[in-house]
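Q: Using this note's numbering, you'd call the opening residue of the sequence shown number 330 and step up by one each time.
Quick one: structure below, then a few questions.
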Amino acid sequence: MNKIKTLALLLLFTCFFTTLAMADEGMWIPMLIGKNYDQMKKQGFKLTPEDLYNINKASIKDAIVSLGGGFCTGEVVSNHGLVFTNHHCGYEAISANSTPQNDILDSGFYAKSYADEKPVPGLYVQFLVRIDDVTQRVTDALNGVSDADRGMKLQAISKDIVADATKGNGYDGVVNTFFSGNQYFLFIYQKFTDIRLVGAPPQSVGKFGGDTDNWEWPRHTGDFSIFRIYGNKDGQPADYSADNVPYTPKKFLPISLKGVKNGDFAMIYGYPGRTDRFLTSYGVKMATEETSPVIVKLRDIRLKAWKEEMNKSVDIRLKLSSKYAEIANYWKYFIGQTEQLKALNIYEQKQREEADFTKWAADKPAYANLMDDYKKLYAGYAPYAAHRTFINEGLLAPGFVINVLNTYYGLRALSNQKDNAAAVADITKQIKQINESYIGAYNEIADKKIFAQLMATYYTDIPQDQHADFIETIVKKYGPGNPAEAFKQFADYLWANSKLIDPEKLKAFMQNPSFDDLANDPAVIYSVSVNPRIYAKNVFGSKISDFETQKAHLDRLYEQALLEKNAGTLMYPDANSTMRISYGNVQDYTSKENKHFPIKTDLDGVMAKYKAGDSEFDLPPSLINAYKHKNFGQYAENGTVPVDFITNDDITGGNSGSPVINGDGELIGLAFDGNWEAMSGDIAFDKKYKRTICVDIRYVLWCMDILGHANNLIGELDVHKN
Ligand code: ARG
């Protein structure tokens, strides 16, 4: 599952706002995995904890990378830096390299030599060097600091810790917060920025089933793509250069063709982005009733407008499809999450747990009122929750807004840093990348329509007494009494008068940009007023930030209390885009409706879903042909090719592309999705229903080898036949 990354770009130049488990459930910190070892062994793991995580010699952690800061995970599979990840993780890189004349998104592509591999500007991977527990140093620094000042102070001490740990070694460091501020760990990374696209199946394989099958099992998707890490001749990270060479990793994963059966040990090693397992019943209610419906409704508007355009030509489809897929993915996620939170009675389940907790806490003054405090806090915030969600999903959603903000704040940073050559180069490069990605997915008709419709929805859906003044002014000036028309007119005005919206004008302006010239640009004035920090302060005063500060305070207390209550048992912290291990088994399931779901699918199933010419269920001729001739190579099982399988491992967005590893440490698949029956999983892990959907490594190799004739790549792999 890949993480939501829409907002990532926004955070570059400006800072806006500032469970008890058995195996299968749980995302464990690799450094502490020894604590789980007995259980892992019992379930079928045959290696040692040191084989998983070791800072003194190569271990499996050295074969795992995060992509682009954690939107996905990849694994090194050859001694020449070859990396496997999901197709949907490579989607942007694949579509950016596609044109109607050389349409690798639709036709697939395997580089025949290093020279054929395609640079992907902006993409980077990080290896984890080590983890340090820095809880003591951080908590000492935070001792006595007020809730309101905690964020700033944490930032300052983290900066010191990172500076100490990375001095002179070229590494990056991050201090991450665990258990909502009860523990802190330092993560040290080595970052490689020359990453090249090496291969991908046609999207009819890589995205087979499309949005219809997305988030559902049984599945028949070949969700993989292939990249390579390049470094300089000394094996060190270096920006793209024709002189760079494939990187020799400390460790790469061997591949097993043995396959899987029900009950087999399976472990997933990667970068889960975010879970909310300690969310209270009050938070669950707010999600289902206030916030998720807003997300779904607003994403609908964007998806419809893009789809209309995408149907017009291949060229437009290639331009918009990556953005479309990303928004569609979490559109369906929130529909499923809401449905399953209700179907599995998660609110009621949490209420029971909280009643238990309150009983336990009755004689502990620090915790006795916690649930009451949560209740009051959420009740006070409820009237504004939908509006708060509208900021990210509505006000910031038109493509130009983020681009304008980043360009504007970027140029401001540039003018402040004129004398710092390194900063100038870095900021210039970042602005350029942001502008390019904006222009790459620009479509005037869709973009204008989306802006006008989102704003008209704001006008009708947000209570009148919460409307921002500047939005009222727009309606009065451009179409009194007819907000839909007013925002259309206003869009025309912005497009005609801004230097930053229309790609040609943007490019011309950026030839010789002047920050001072932007002060009166109408798109700058508009975008700055929807900058969340500025907008929230103007419209809500301190209501939003107070809620966030107080919630952080209660969360820290609640998780501290749970750590105390469950002392002596294993607990895992929420996902936070740091490296984790999840382990469990290949496992079938039976739904609430008593439908049994077997552990795997195969090529016969792919063919059964095949619909010629369909946008989601079409197949490439090469596949149909190989199927007809039973050309299965060494990848067959029971007279067909295995395609996908499921395990009960605990993953979430960010884990997409993660290796699925057997008890011997061999790669057996790539994790890529979750199942519909457990879409509430990020908030409550349901052991009966939650499964991880993986592409079988034999399907990956069959596609590369038999369909793609990628002998050169297959030759690099360490393939174990049994
Ligand atoms: N649901 C998958 C995930 O979050 C992504 C699948 C991409 N496919 C698609 N049809 N959008 O990782």
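The beta carbon of each residue, even a glycine, is placed where N, CA and C say it ideally should be.
Quantities reported herein were computed from a predicted structural model and do not represent experimental measurements.
Counting Cβ pairs closer than 8 Å, one from the stretch 562–580 and one from the stretch 534–549, do we hit at least three?
A: Output reads no: the stretch 534–549 does not touch the stretch 562–580.
Q: Tell me whether Gly982, by its Cβ, gets closer than 7 Å to a heavy atom of the ligand ARG.
A: Checking every heavy atom of the ligand ARG against the Cβ of Gly982, one is found closer than 7 Å.
Q: Which value, in whole angstroms, describes the spacing of the CA atoms of Phe374 and Asn914?
A: Using only the alpha carbons, I get a separation of about 10 Å.
Q: Excluding the 5 residues flanking Gln666 on each side, which residues of the same chain have their C-beta closer than 8 Å to its C-beta?
A: Same-chain partners within the cutoff: Ala616, Ser621, Met1008, Ser1009, Asp1011 and Ile1012.
Q: Ignore the nearest five residues each way along the sequence and tell me which others in Asn1004's own chain have a CB closer than 6 Å to its CB.
A: For Asn1004, where only same-chain residues beyond five positions count, the Cβ hits under 6 Å are Trp546 and Arg1020.
Q: Distance check for Lys520 and Gly473, CA to CA, integer angstroms please.
A: Distance between the alpha carbons of Gly473 and Lys520 is about 36 Å.
Q: Can the beta-carbon of Asp552 be found closer than 8 Å to that of Gly535?
A: Cβ distance < 8 Å, so Asp552 and Gly535 count as in contact.
Q: Grab the span of the alpha helix (DSSP H) containing Pro950 for me, first residue to last.
A: Counting along the chain, the alpha helix (DSSP H) containing Pro950 begins and ends at Pro950 to Lys957.
Q: Between Met356 and the ligand ARG, is there a pair consisting of the residue's CB and a ligand heavy atom that are separated by less than 7 Å?
A: For the ligand ARG, not one heavy atom lies less than 7 Å from the Cβ of Met356.
Q: Excluding the five sequence neighbours on either side, which residues of its own chain have a C-beta within less than 6 Å of the C-beta of Lys1050, listed in chain order?
A: Closer than 6 Å at Cβ, skipping near neighbours: Leu586.
Q: With a threshold of 7 Å (Cβ to nearest heavy atom), would His417 be considered close to the ligand ARG?
A: Checking every heavy atom of the ligand ARG against the Cβ of His417, one is found closer than 7 Å.
Q: For Asp367, tell me which candidate among Cys1032, Leu899, Phe974 and Val1048 has the shortest Cα-Cα distance.
A: Nearest option by C-alpha distance: Leu899.
Q: Whole angstroms is fine: what's the gap from Thr522's alpha carbon to Leu396's?
A: When rounded, the distance between both Cα atoms is 10 Å.
Q: Is Pro971 helix, strand or coil when you go by DSSP?
A: Strand.
Q: Sort Val643, Ser610 and Phe729 by Cα distance to Lys671 and report the nearest one.
A: Measuring from the Cα of Lys671, the nearest candidate turns out to be Ser610.
Q: Closer than 7 Å to a non-hydrogen atom of the ligand ARG - does that hold for the CB of Asn543?
A: For the ligand ARG, at least one heavy atom lies less than 7 Å from the Cβ of Asn543.
Q: Suppose the cutoff is 6 Å on Cβ atoms and the five residues either side in sequence are ignored; what does the same chain contact list for Tyr788 look like?
A: These residues qualify, in order along the chain: Pro812.
Q: Write down the C-beta distance between Arg885 and Ile358 rounded to the nearest angstrom, noting that I regard them as a contact closer than 8 Å.
A: Arg885 to Ile358, Cβ: 19 Å. No contact.
Q: My understanding is that Val467 touches Tyr513, with C-beta atoms under 8 Å, so please give their C-beta distance in whole angstroms.
A: 4 Å between Cβ atoms; contact.
Q: For the ligand ARG, any of its heavy atoms closer than 7 Å to the Cβ of Ser985?
A: Yes.
Q: Give the DSSP-derived three-state secondary structure of Phe345 in the structure shown.
A: Confidence in Phe345 is poor, its pLDDT being 38 and thus under 50, which makes the residue's placement too unreliable to answer from.
Q: Flag this pair as touching only if the stretch 956–970 and the stretch 1022–1040 have three or more C-beta atom pairs under 8 Å; answer yes or no.
A: At 8 Å Cβ cutoff, the stretches touch.
Q: How many Å lie between Asp701 and Asn772 at the Cα?
A: Taking the straight line joining both Cα atoms gives about 49 Å.
Q: Would you call Ile675 buried or exposed, if buried means 16 or more other Cβ atoms sit within 10 Å of its Cβ?
A: Classification for Ile675: buried.
Q: Apply the 10 Å Cβ neighbour rule to Pro902 and answer buried if 16 or more other Cβ atoms are within range, or exposed otherwise.
A: Its Cβ being crowded by 16 or more others within 10 Å, Pro902 is buried.
Q: Exposed or buried, Thr428, counting other C-beta atoms within 10 Å across all chains shown (16 or more means buried)?
A: Label assigned to Thr428: exposed.
Q: Using a 10 Å radius around the Cβ and a threshold of 16 neighbouring Cβ atoms, would you call Asp572 buried or exposed?
A: Exposed: under 16 other Cβ atoms inside 10 Å.
Q: Is any non-hydrogen atom of the ligand ARG found closer than 7 Å to the C-beta of Asp478, if you look at the structure I gave you?
A: No, the Cβ of Asp478 stays beyond 7 Å of every heavy atom of the ligand ARG.
Q: Taking Cβ to Cβ, would you say Arg557 is nearer than 8 Å to Glu446?
A: It is a contact, given that the beta carbons lie within the stated cut-off.
Q: Is the distance from the Cβ of Phe581 to the Cβ of Ser407 below 8 Å?
A: Yes, these two residues count as a Cβ contact at 8 Å.
Q: Once DSSP output is grouped into helix, strand and coil, what is the label at Tyr382?
A: Coil.
Q: CB Asn415 to CB Ser533, shorter than 8 Å?
A: No, these two residues do not count as a Cβ contact at 8 Å.
Q: Heavy atom of the ligand ARG less than 7 Å from the Cβ of Phe1001, yes or no?
A: For the ligand ARG, at least one heavy atom lies less than 7 Å from the Cβ of Phe1001.
Q: What's the call for Ala350, buried or exposed, on a 16-neighbour Cβ count within 10 Å?
A: At Ala350 the pLDDT is 48, less than 50, meaning the model places this residue with poor confidence; the figure from the coordinates comes in the next sentence. Ala350 comes out buried.
Q: Just to confirm my understanding: we take Ala797, look at its own chain, exclude 5 residues before and 5 after, and list those with CB closer than 8 Å. What are they?
A: Result list for Ala797: Ser858, Tyr864, Asn867 and Val868, in chain order.
Q: Rank Val1048, Thr718 and Asp353 by C-alpha distance to the C-alpha of Lys1016 and give the top, closest one.
A: Closest option to Lys1016, Cα to Cα, is Asp353.
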